[in-house]
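Residue numbers (UniProt numbering), protein chains in the order written: chain A, 1 to 214; chain B, 1 to 214. Structure, as structure tokens:
Protein chains: 2
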Amino acid sequence: MMRISQLSTASRVPIPTIKYYLREGLLPAGEQTSATRAEYGERHVRRLRLIRALLEVGRLPIASIRKVIAAVDDENLSMHHVLGTAHYAIAPVVELHAADEEWTRARAEADGLIGDLGWQVDPDAPTRDELAQAILTLSQLGMPATGEVLRSYAEVAIGLVTEHEINSIPIDGPREAAVEALVIGTVVYGRVLDVMRRLAQESASARVFGISYD
Amino acid sequence: MMRISQLSTASRVPIPTIKYYLREGLLPAGEQTSATRAEYGERHVRRLRLIRALLEVGRLPIASIRKVIAAVDDENLSMHHVLGTAHYAIAPVVELHAADEEWTRARAEADGLIGDLGWQVDPDAPTRDELAQAILTLSQLGMPATGEVLRSYAEVAIGLVTEHEINSIPIDGPREAAVEALVIGTVVYGRVLDVMRRLAQESASARVFGISYD
């Protein structure tokens with residue numbers, strides 16, 4: 001057990017920020033050992049890591065973080081559903097589309113691709129709409145969105161997830177630790193992949209246009 | 001040449017939205033053929049595609065879109081620098097770090113990795129800070145951020161970019177068309193990769209936790 005100053009040192013989060021998270025209900029209160037003193041534990045250190053990952057790396061608004069944390073804390077939710085809650089929180093909102101022919105076709109293409117890949121995805125998952133929207137935009141812009149191109153992205157994604165991300169989850173340990181690792185990994189490795197892609201683009205563009213920084 | 005109603009049909013953007021883009025200076029004015037009538041061309045159709053991609057798929061604020069469009073329109077800028085402007089616009093802001101030992105180490109690791117990969121990246125590119133931040137966060141969270149893991153993400157990223165993204169740019173056509181394709185590809189394929197990764201995670205999680213939607 002530790003005092004708030006020790007929690008601050010252990011977590012590298014400043015005391016005023018910790019107090020803000022306590023007021024916002026993101027961090028559970030410490031154990032009150034006297035009228036002016038509360039003690040914190042390992043659980044608080046871990047929870048601060050989760051909040052920082054969602055806030056600083058995931059850039060989620062406080063309201064979304066609160067939802068993710070409620071899911072992490074709800075022991076009746078399966079880990080799979082906690083991940084789903086995190087996914088919904090980090091996903092961009094897909095605007096409702098008129099159920100026109102084009103949208104129906106894009107959505108059918110998204111569902112067909114997921115089915116062909118043999119992926120287990122909830123029929124109601126909003127990620128299906130996100131994929132359909134990307135397919136629709138690419139085709140409206142006249143850019144390649146063939147099954148072959150999409151499949152390349154899909155193969156790369158499943159490769160990274162199964163090789164690195166799912167394996168780093170300590171599923172044999174306490175539920176809370178596993179859930180937190182799952183949620184943090186979702187956010188942080190997503191950021192890694194995104195920045196790597198932009199670095200790769202800058203490098204590929206430099207080559208195409210004959211620019212060197214060496 | 002076409003009237004605003006035809007531009008709306010050709011671009012699938014409603015007339016009030018077109019007028020809004022005109023007022024915001026995102027879309028260049030049409031050619032005034034009488035006091036009450038302006039004519040639009042292919043250039044306006046293409047520009048509307050670019051705006052929609054940045055706004056709806058990239059979710060950039062209007063101010064950022066204005067910067068990207070100014071770069072696209074500036075014929076003195078090389079295409080490589082226009083891409084850089086687009087990259088900076090879609091990148092999350094990396095907060096300034098205290099130049100402490102940990103940050104210096106993470107940044108050196110990021111630079112070392114980019115160097116080892118032989119990538120051509122501007123020494124001042126903010127993406128270097130983004131990568132350093134991701135490395136720092138992963139190591140503070142006790143999650144794997146070894147060179148090996150990062151290299152897997154890097155290889156995947158460069159593979160997708162060189163196989164699909166750079167090749168879809170019509171670099172032999174007019175500059176404006178090439179630049180617009182470059183910028184749109186950056187934003188839209190980034191979205192495709194991001195949603196594929198979350199779909200793959202949902203599927204991998206369903207398998208690990210024994211859930212089937214079949």
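Each residue gets a CB set at the ideal place from its N, CA and C atoms; glycine is no exception. Computed from a prediction, not measured in an experiment: that's the story for all the values here.
Residue-level contact check: Ala154 (chain A) touches chain B, since one or more beta carbons of chain B fall below 7 Å from its beta carbon.
Here Ala99 (chain B) carries a coil assignment [DSSP, helix/strand/coil]. Taking 7 Å as the threshold, the shortest C-beta distance from Ala134 (chain B) to chain A falls below it. Minimum Cα-Cα distance from Ser152 (chain A) among the listed residues B:Leu193, B:Thr146, B:Pro170 corresponds to B:Leu193.
Residues Val187, Val188, Arg191 of the same chain have their beta carbon placed closer than 6 Å to that of Val57 (chain B), with the five preceding and five following residues left out of the count. In this structure, the beta-carbon distance from Val161 (chain A) to Gln6 (chain B) does not fall below 7 Å. Three or more beta-carbon pairs separated by less than 8 Å link the segment 130-138 of chain B to the segment 104-116 of chain B, which places the two stretches in contact. The CB of Ser203 (chain A) comes closer than 9 Å to the CB of Ile114, Leu117, Gly118, Trp119, Gln120, Val121, Ile158, Val161 in chain B, given here in chain order. Counting C-beta pairs closer than 8 Å gives three or more between the segment 176-187 of chain A and the segment 74-92 of chain A, which meets the contact rule.
If you draw a 10 Å sphere on the C-beta of Ala206 (chain B), you find 16 or more other C-beta atoms in it, and that means buried.
Not one beta carbon of chain B lies nearer than 7 Å to the beta carbon of Ser8 (chain A). Annotation: Ile135 (chain B) to Pro14 (chain B) spans about 44 Å, alpha carbon to alpha carbon. Proximity of Met2 (chain A) to chain B, defined by a Cβ-Cβ separation below 7 Å, is not satisfied. Residues are counted here when their Cβ sits less than 7 Å from a Cβ of chain A; for the segment 189-214 of chain B these are Gly190, Arg191, Val192, Leu193, Asp194, Val195, Met196, Arg197, Arg198, Leu199, Ala200, Gln201, Glu202, Ser203, Ala204, Ser205, Ala206, Arg207, Val208, Phe209, Ile211, Ser212, Tyr213, given in chain order. For Ser152 (chain A), no beta strand (DSSP E) run applies; the uninterrupted alpha helix (DSSP H) run containing it begins and ends at 147-160, by DSSP. Nearest neighbour of Ile114 (chain A) by Cα position, chosen from B:Arg198, B:Pro28, B:Met2, turns out to be B:Arg198.
In this structure, DSSP gives Tyr88 (chain B) a helical state, which the three-state scheme calls helix. One alpha carbon belongs to Thr17 (chain A), the other to Val45 (chain B), and they sit about 49 Å apart. With respect to the C-alpha of Arg105 (chain A), the residue from A:Ser139, A:Asp122, A:Asp73 having the closest C-alpha is A:Ser139. If one requires a minimum length of 4 residues, the alpha helix (DSSP H) runs lying completely within the UniProt domain "HTH merR-type" (1-71) of chain A are 4-11, 15-23, 42-52, in chain order. With a threshold of 7 Å between beta carbons, Glu130 (chain B) makes contact with chain A. Residue range 175-208 is occupied by the alpha helix (DSSP H) that includes Glu180 (chain A). Residues of chain A whose Cβ lies closer than 7 Å to the Cβ of Arg59 (chain B) are, in chain order, Pro92. At a cut-off of 7 Å between beta carbons, Val45 (chain A) makes no contact with chain B. Excluding residues up to 5 positions away in sequence, Ser168, Ile169, Pro170 lie with their Cβ nearer than 7 Å to the Cβ of Ala181 (chain A) in the same chain. Taking a beta-carbon distance threshold of 7 Å, Thr17 (chain A) does not count as an interface residue toward chain B.
Positions of the beta strand (DSSP E) runs, each at least 3 residues long and wholly inside the segment 100-140 of chain A, cannot be given because no such run exists.
With respect to chain B, the C-beta atom of Val149 (chain A) has a partner C-beta closer than 7 Å. Put simply, the backbone Cα of Ala29 (chain B) is about 22 Å away from that of Leu60 (chain B).
Look at Ile69 (chain B): its C-beta is not under 7 Å from any C-beta on chain A. Taken through DSSP and simplified to helix, strand or coil, Ile169 (chain B) comes out as coil. With contacts defined as CB atoms closer than 7 Å, Gln120 (chain A) and Ser203 (chain B) qualify as a contacting pair. Residues of the same chain with a CB within less than 7 Å of the CB of Lys67 (chain A), apart from the 5 flanking positions on each side, are Thr85, Ala89 in chain order.
Apart from the 5 residues on each side of it in sequence, Tyr213 (chain A) sits with its Cβ closer than 8 Å to the Cβ of Ala206 in its chain, given in chain order.
Within the same chain, and ignoring the five residues on either side of Arg12 (chain B) in sequence, no residue has its Cβ closer than 8 Å to its Cβ. Interface criterion not met: the Cβ of His81 (chain B) is under 7 Å from no Cβ in chain A.
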